[in-house]
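Chains as they are written, first to last, in UniProt numbering: chain A, 1 to 330; chain B, 1 to 330; chain C, 1 to 330; chain D, 1 to 330. Each residue gets a CB set at the ideal place from its N, CA and C atoms; glycine is no exception. Please read these numbers as outputs of a predicted model, since none were measured by experiment. First the structure, in the form of structure tokens, and then the observations on it.
Protein chains: 4
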Amino acid sequence: MTVRFGLLGAGRIGKVHAKAVSGDANAKLVAVADAFPQAADAIASAYGCEVRTIEAIEAAKDIDAVVICTPTDTHADLIERFARAGKAIFCEKPIDLDVARVKACIKVVEETGAKLMVGFNRRFDPHFMAVRKVIDEGKIGDVEMVTITSRDPGAPPVDYIKRSGGIFRDMTIHDFDMARFLLGEEPVSVFATAAVLVDKAIGEAGDYDSVSVILQTKSGKQAVISNSRRATYGYDQRIEAHGSKGLVSAENQRPVSIEVANGDGYTRPPLHDFFMTRYTEAYANEIASFISAIEKGSKISPSGADGLAALALADAAVQSVKEGKLIRIG
Amino acid sequence: MTVRFGLLGAGRIGKVHAKAVSGDANAKLVAVADAFPQAADAIASAYGCEVRTIEAIEAAKDIDAVVICTPTDTHADLIERFARAGKAIFCEKPIDLDVARVKACIKVVEETGAKLMVGFNRRFDPHFMAVRKVIDEGKIGDVEMVTITSRDPGAPPVDYIKRSGGIFRDMTIHDFDMARFLLGEEPVSVFATAAVLVDKAIGEAGDYDSVSVILQTKSGKQAVISNSRRATYGYDQRIEAHGSKGLVSAENQRPVSIEVANGDGYTRPPLHDFFMTRYTEAYANEIASFISAIEKGSKISPSGADGLAALALADAAVQSVKEGKLIRIG
Amino acid sequence: MTVRFGLLGAGRIGKVHAKAVSGDANAKLVAVADAFPQAADAIASAYGCEVRTIEAIEAAKDIDAVVICTPTDTHADLIERFARAGKAIFCEKPIDLDVARVKACIKVVEETGAKLMVGFNRRFDPHFMAVRKVIDEGKIGDVEMVTITSRDPGAPPVDYIKRSGGIFRDMTIHDFDMARFLLGEEPVSVFATAAVLVDKAIGEAGDYDSVSVILQTKSGKQAVISNSRRATYGYDQRIEAHGSKGLVSAENQRPVSIEVANGDGYTRPPLHDFFMTRYTEAYANEIASFISAIEKGSKISPSGADGLAALALADAAVQSVKEGKLIRIG
Amino acid sequence: MTVRFGLLGAGRIGKVHAKAVSGDANAKLVAVADAFPQAADAIASAYGCEVRTIEAIEAAKDIDAVVICTPTDTHADLIERFARAGKAIFCEKPIDLDVARVKACIKVVEETGAKLMVGFNRRFDPHFMAVRKVIDEGKIGDVEMVTITSRDPGAPPVDYIKRSGGIFRDMTIHDFDMARFLLGEEPVSVFATAAVLVDKAIGEAGDYDSVSVILQTKSGKQAVISNSRRATYGYDQRIEAHGSKGLVSAENQRPVSIEVANGDGYTRPPLHDFFMTRYTEAYANEIASFISAIEKGSKISPSGADGLAALALADAAVQSVKEGKLIRIG
């Protein structure tokens with residue numbers, strides 16, 4: 001079976017998914033839609049697909065699944081429309097920045113029985129997958145403490161910050177999802193600290209650029225998250241899971257692994273400087289997992305519920321910073 | 001000038017300091033006192049010094065300085081006695097488990113003008129000293145976020161736990177001192193999470209074995225501490241300081257740095273399995289620093305005030321766990 | 001411009017090149033030929049190209065270049081035929097196992113003015129390319145000594161060994177090329193030592209499985225090569241170039257970079273276990289370089305002369321082992 | 001039992017051994033002799049021993065063992081004198097630069113039944129000892145190929161070079177001993193290549209500064225040695241033993257293990273810059289092993305025969321370079 005795709009949104013991340021779909025032997029990119037005709041044309045010509053309207057894709061009989069890469073504030077509406085249209089849906093995170101809206105959207109997905117996958121791509125990074133596998137095989141015993149380090153090479157433009165929902169909902173949300181993925185038990189409390197240390201303009205926009213978070217589960221397992229919008233040495237992405245029998249960790253990734261030694265010491269190159277080069281394989285694996293789940297009719301993960309859970313943690317973190325206390329979940 | 005020493009307490013840590021004093025070209029171990037004559041005899045015979053009573057050391061004219069390695073509940077009293085006796089004092093941490101008692105003790109030290117150094121040995125670890133030096137040289141710019149990982153190979157006996165003051169005052173206190181050492185600005189708030197994941201008996205004794213802490217300074221700098229009483233792979237001691245211009249980190253230490261590769265992968269040996277082998281150089285450097293400060297009449301660090309500050313953070317952490325909220329300091 | 005390709009040989013390495021050509025935006029796979037129709041059909045159906053005879057590809061007007069992946073003993077003949085047919089030629093190494101035959105073949109290439117690239121794929125490995133770049137930028141000064149470690153996970157079947165030309169012409173030849181690539185000066189002498197330590201059957205077939213080689217250039221620069229047909233821990237491929245100002249090295253590659261720590265130590269996974277997964281990017285970069293050189297009309301490297309030079313070093317190594325002495329080149 | 005020592009030679013290496021003897025609980029430094037009274041006085045005052053003449057030490061009844069650290073050309077004579085005087089002898093390498101003289105000296109040692117240890121300190125480096133232990137435990141199966149990298153931070157003065165016996169007898173001799181230590185089978189052939197790449201004055205003095213060597217044993221095991229008198233990044237000392245079941249390697253050592261990351265990459269400090277700081281523990285372990293063997297009456301290793309074997313390999317290497325061919329040993 002070949003899964004036939006429509007792509008909604010032909011921007012930066014749309015191109016990544018267009019390439020992943022086109023390169024997958026079990027999928028075919030049939031059509032692309034975008035408010036900017038030139039963006040849609042570029043993808044259509046690069047991957048040999050048609051340009052259509054969203055309405056046409058919604059009604060199309062030759063399309064089984066859609067990838068939603070449009071602006072965040074359109075996600076929930078599009079998910080509902082395509083769920084009702086009977087398409088399988090891959091949606092970039094987040095579903096929405098408002099928990100109530102997300103819940104309403106998930107209700108529609110459930111009622112229609114639609115398949116929905118939310119784009120937490122890091123679960124599909126080969127190194128992080130290998131960490132998860134070590135845990136699943138029992139090699140470190142019960143997970144007790146997780147440490148997640150996630151630092152961006154630089155801050156995004158303040159305009160982006162303003163409509164992003166803030167660092168917890170935009171950046172830390174990936175780490176909330178990763179913590180849930182690794183802890184194997186739901187966090188029941190969140191404590192967060194936040195500061196503006198990198199760029200005052202971020203503070204003026206009402207957001208933070210340097211945050212630390214502790215999550216705890218019912219049985220006492222803990223996850224610590226350290227985030228910064230600044231890392232001069234590249235895209236710093238590490239995880240560490242400490243268990244009753246041992247420790248498993250995933251190191252940082254760099255484009256080439258060479259080392260130069262001289263009187264100043266031994267120097268390895270900086271890390272990847274961009275999330276798209278760092279997570280190239282993760283994006284491809286993610287779409288492949290979506291396609292495979294559709295083909296086999298198997299459970300899709302991460303689901304809408306996963307998207308909701310991570311957003312709820314982000315909201316709790318915001319509240320924790322505001323109130324200076326531990327926030328209980330659920 | 002040779003600094004002439006009396007050693008109070010001939011137990012495990014007393015032996016470490018006896019060796020350090022004896023091996024220092026500018027110091028001489030003159031006498032040792034211990035409630036157990038055999039313990040004192042053993043040190044006297046190994047290092048060629050006399051066995052004396054505490055009273056005799058207090059009154060001795062051939063002794064300039066003392067090293068206090070007796071049980072914790074005697075520290076404050078001994079500091080006061082030897083401060084009044086005009087000796088320079090090196091005291092193992094903590095001064096006392098009670099903040100009020102520590103304050104009273106420091107008052108006596110100040111009134112007598114005595115020299116007092118508190119045994120936060122990690123400040124003298126060559127790797128951590130090198131981290132501090134990188135920061136001092138401005139190589140990573142302003143410190144923004146510090147991450148301290150500190151895991152013991154195994155939990156101490158429950159009897160020890162009961163009189164230790166609990167994990168925050170006994171174990172995390174070293175990390176609180178290290179955070180202060182690296183942040184370069186006093187923490188103004190503490191948040192701590194704690195659980196019993198390793199050994200139920202620790203919980204029954206009213207303590208925890210797995211804790212996570214976030215400290216924050218006035219300007220927003222953050223330190224995250226991760227502690228566990230369990231690390232199957234050895235004594236896990238890492239620090240990382242992230243600044244505006246870069247990152248500096250100190251790796252773990254192992255007895256030998258070899259690697260064996262076969263079909264199972266590439267394996268390096270476990271870490272040091274004991275704090276005394278891990279921090280051998282730190283103990284020697286610490287005493288050397290104390291001796292040097294006495295000789296030169298220079299400022300002694302870490303001081304009694306440093307001991308008090310770390311204890312206050314530990315107390316705040318205990319309160320934070322109990323109340324589930326951020327505790328403001330000072 | 002799109003470079004239109006014919007593929008000669010649809011075996012294991014043929015598939016690798018078919019994928020690389022198909023995935024390159026500036027190239028198109030037009031036809032494939034193979035003595036086994038099923039092998040050709042498999043590639044034709046996977047990449048949407050035609051199955052043709054070698055003769056048809058030779059005569060085709062819609063084909064600009066060929067990739068030769070047929071058995072070694074057909075390489076020289078095919079190069080000559082396609083040189084005369086005016087096609088650009090990419091040929092897997094070696095051109096032939098006989099130096100005289102290679103010289104004759106290169107003469108035809110020169111007379112016809114054909115473009116010929118020989119498949120020393122390792123020059124296109126991103127890590128080794130980065131090593132070369134560091135040298136080119138003068139960061140390690142003049143190269144003085146090169147160390148190349150190259151160990152296969154396991155020995156090939158003895159049948160393959162018999163027709164391979166022996167370890168020096170089959171395996172070490174890659175390292176001879178790498179040494180030339182890094183030394184920046186031609187070797188003028190070769191000394192080689194060889195033994196059968198892995199598999200007696202290899203010795204019975206007249207070959208060796210464990211060899212050490214020293215190359216030296218006129219100015220005294222040295223390259224040391226260490227080869228084994230056995231490496232239980234994966235495909236061991238390291239290079240190190242020591243210069244007047246410093247050292248540059250390329251580390252081994254593994255599929256995922258995680259580490260598991262427990263009482264046995266810290267373990268990273270084995271290396272890649274197969275040259276095709278280890279050198280995936282190198283194969284793609286190699287074909288891209290060939291296509292780019294055709295498009296731009298620029299110099300092709302590595303050339304037939306490079307293939308000849310590496311083979312001459314292999315022949316000298318064989319002679320050195322036989323005679324127990326240094327063999328002068330050229 | 002306490003082993004009572006006389007020290008012959010109070011220079012740089014004499015001081016190292018004086019400290020090691022004084023710090024060993026089972027030994028006592030009784031006397032020191034040196035042609036320069038000030039040098040002897042300095043050691044006598046630092047370690048509380050007497051200054052005596054060589055003759056007085058030879059005749060002394062309160063001395064059990066001597067450490068010979070005098071100039072190389074006095075070693076053989078002193079060994080013979082002290083062997084006849086019934087003392088246990090530790091002699092810095094080499095016994096002599098002439099094989100015949102070494103043989104004559106060893107004959108005297110054997111006739112007198114004296115205990116003689118030759119100072120190949122690297123066998124006592126904790127990391128290299130751990131490599132040997134992995135081999136002894138069978139963890140890598142039969143050793144097949146050994147790679148030894150040994151590069152000095154800088155060339156010694158040409159005056160030293162002239163009386164050193166040349167790079168093979170002065171520097172590579174350590175690696176010849178290490179190869180014998182790791183191969184577990186005697187080399188039967190040597191091939192060496194040499195060049196002057198670092199300092200022309202070394203060439204004018206008749207020596208080389210950059211050499212590569214291949215040793216082979218009867219069963220075909222191979223050792224490759226790479227030496228240079230230049231390493232801008234510190235004292236480069238690595239070994240690697242590849243066996244039928246796996247690989248064991250010892251990494252380089254640096255004073256502190258920190259890492260600084262910024263836009264230029266991840267930088268670790270240079271290595272030790274001096275053999276005495278690199279091999280501090282090796283020197284102490286070496287003397288401890290000598291003392292322990294005397295106390296227990298056990299076999300001393302490395303012996304005079306080990307010194308002879310390494311010198312014979314050095315001589316063969318010199319001959320190999322001169323004649324451009326493999327030299328058979330024994």
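Annotation note: the region 237-282 of chain B contains the following uninterrupted alpha helix (DSSP H) runs of length 4 or greater, listed N- to C-terminal: 275-278.
Residues of chain A whose Cβ lies closer than 9 Å to the Cβ of B:K245 are, in chain order, T232. D:I291 sits close to D:D24, with the two beta carbons spaced by under 8 Å.
About 5 Å separates the beta carbon of C:L326 from that of C:F191, a gap short enough to meet the 8 Å contact definition. Counting along the chain, C:I13 sits inside no beta strand (DSSP E); it lies in the alpha helix (DSSP H) bounded by residues 12-23. Non-local C-beta neighbours of D:V108 in its own chain, meaning closer than 6 Å and more than five positions away in sequence, comprise E80, A83, ordered along the chain. Closer than 8 Å to the CB of D:V131 there is not a single CB belonging to chain C.
With respect to chain C, the C-beta atom of A:I291 has no partner C-beta closer than 8 Å. Taking a contact to require three or more Cβ pairs closer than 8 Å, the region 306-321 of chain A and the region 192-211 of chain A qualify as touching. Within the model, the alpha-carbon separation for A:S257 versus C:P126 is close to 9 Å. Contact residues of the region 145-164 of chain B toward chain C are absent (C-beta to C-beta distance below 8 Å). The beta carbon of C:D264 falls within 8 Å of a beta carbon belonging to chain B, placing the residue at that interface. Residue environment analysis places A:F124 among the buried positions, since at least 16 neighbouring C-beta atoms fall within 10 angstroms of its C-beta.
At a cut-off of 8 Å between beta-carbon atoms, D:T267 makes contact with chain A. A:S244 and A:E144 have their C-alpha atoms some 7 Å from each other. Closest option to D:V198, judged by alpha-carbon separation, among D:A241, D:V188, D:M178, D:P157: D:P157.
For C:I95 against C:T172, the beta-carbon gap comes to about 16 Å, at or over 8 Å, which does not count as contact. Along the region 30-68 of chain A, the alpha helix (DSSP H) occurs as fully enclosed runs of 4 or more residues at 37-47, 54-59, listed in sequence order. Cβ-Cβ distances below 6 Å link A:L116 to I89, V109, G304 in the same chain, with the five nearest sequence neighbours on each side left out; the list follows chain order. Taking the CA atoms as reference points, A:Y266 sits about 14 Å from B:V248.
Residue nearest to A:N227 within the set A:K221, A:L215, A:D209 is A:D209 (criterion: CA-CA distance). Taking 8 Å as the cut-off, the Cβ atoms of C:A310 and C:R122 do not count as close.
Taking all protein chains shown into account, B:K133 has fewer than 16 neighbouring C-beta atoms within 10 Å of its C-beta and is therefore exposed.
Taking a Cβ-Cβ cut-off of 9 Å, the neighbours of C:P270 in chain B comprise A261, N262, G263, D264, G265, Y266, given in sequence order. Residue environment for D:P71: exposed (fewer than 16 other C-beta atoms within 10 angstroms of its C-beta). DSSP places C:V224 inside the beta strand (DSSP E), whose first and last residues are 222-228.
A straight-line Cα-Cα distance of about 14 Å links A:G9 and A:A65.
For the region 34-63 of chain C, the beta-carbon criterion of a distance under 8 Å to any beta-carbon of chain D is satisfied by none of its residues. Between A:V224 and chain B, the shortest Cβ-Cβ separation is below 8 Å.
Chain A has no Cβ within less than 8 Å of the Cβ of B:K200. Straight-line measurement puts the Cα of A:P153 at about 16 Å from the Cα of B:G141. Cα atoms of D:V146 and A:R238: separation of roughly 35 Å, rounded to the nearest angstrom. Here A:T172 carries a helix assignment [DSSP, helix/strand/coil]. Our two residues, A:V32 and A:R230, have alpha carbons roughly 35 Å apart in a direct line. Across the structure, C:P302 and C:K221 are spaced so that their CA atoms are roughly 22 Å apart. Here DSSP, grouped into helix, strand and coil, assigns B:A310 to helix.
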